[in-house]
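Asks: One structure is given below, represented as structure tokens, and several questions about it will come after.
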Amino acid sequence: MTGQVIHSDARGHVSELLLGRRALIPPHTNPNTVWFIVVSGGGFVQVGDERTRVSPGEAVLWVDLRSTSAAARTACRDAVVARAEGLAAERGLALEIETLMEDPPVTMDAEVAALLERLVREHGIDHLVMDSGAGHDAMQMASIARAGLLFVPSREGQSHNLREWTSVADIALGAQVLLEATLALAGAP
Numbered sequence: 651m652t653g654q655v656i657h658s659d660a661r662g663h664v665s666e667l668l669l670g671r672r673a674l675i676p677p678h679t680n681p682n683t684v685w686f687i688v689v690s691g692g693g694f695v696q697v698g699d700e701r702t703r704v705s706p707g708e709a710v711l712w713v714d715l716r717s718t719s720a721a722a723r724t725a726c727r728d729a730v731v732a733r734a735e736g737l738a739a740e741r742g743l744a745l746e747i748e749t750l751m752e753d754p755p756v757t758m759d760a761e762v763a764a765l766l767e768r769l770v771r772e773h774g775i776d777h778l779v780m781d782s783g784a785g786h787d788a789m790q791m792a793s794i795a796r797a798g799l800l801f802v803p804s805r806e807g808q809s810h811n812l813r814e815w816t817s818v819a820d821i822a823l824g825a826q827v828l829l830e831a832t833l834a835l836a837g838a839p
């Protein structure tokens with residue numbers, strides 16, 4: 651007769667939470683207004699000591715929830731916490747949740763945004779008007795000055811990873827638009 655040993659594998663438990671993450675965005679929420687990003691300094695998930703034949707007993711999962719709506723982000727956060735707590739209870743696991751920060755969403759200045767859009771049109775640049783879920787410096791600056799964001803395209807839309815690449819011509823064009831916007835806002839002729 652052969653016995654079966656069931657290991658508590660932290661990697662598996664975290665994976666189950668991640669696999670169901672889309673379902674954690676509340677149904678009434680526009681999925682384009684909530685970004686569920688899994689982040690960590692050394693990768694997406696830090697699990698045990700990564701030895702291949704050892705079931706790790708601990709995992710650290712960093713989740714970055716971003717949204718243009720504080721209510722949508724809070725609802726998603728509550729759903730993630732409830733799911734994590736449910737998985738922990740089902741499996742008899744210890745769970746520790748720590749909130750590092752919850753900055754409120756910030757709206758950029760409408761006049762600055764309209765100026766940037768007008769300038770890119772004047773240059774004949776294909777563009778998109780979009781929300782950003784990122785924590786840019788503009789969020790902090792918006793509390794003391796009018797602020798806006800201008801993004802230049804990255805090849806294949808890649809951003810914040812090793813494949814990100816933007817042509818020098820696009821960078822120069824973006825800098826030209828920013829210069830023109832700065833001069834217009836300063837009242838230069």
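Mapped onto this note's numbering, the consecutive letters of the sequence shown carry residue numbers 651 to 839.
Where a beta carbon is used, it is the ideal one built from N, C-alpha and C, also for glycine.
#1: I need the straight-line Cα distance from Thr832 to Thr749, nearest angstrom please.
#2: Starting from Asp728 and walking both ways along the beta strand (DSSP E), at which residues does that stretch end?
#3: When you compare only the Cα positions, how much space is there between His777 and Val664?
#4: Can you say whether Val770 is buried or exposed, counting buried as having 16 or more other CB atoms within 10 angstroms of its CB?
#5: According to DSSP, simplified to helix, strand and coil, what is Val713?
#6: Cα-Cα, which of Ala760, Val713 and Gly736 is closest to Met751?
#7: Buried or exposed: which applies to Ser817, given that a residue is buried once 16 or more other Cβ atoms fall within 10 Å of its Cβ?
#8: Between His773 and Arg805, what straight-line distance do the alpha-carbon atoms span, to the nearest angstrom?
Replies: Taking the definition as stated:
#1: 37 Å
#2: Run containing Asp728: none in the beta strand (DSSP E); it sits in the alpha helix (DSSP H), Ala720 to Arg741.
#3: 38 Å
#4: buried
#5: strand
#6: Val713
#7: exposed
#8: For His773 and Arg805, the gap between their C-alpha atoms comes out near 20 Å.
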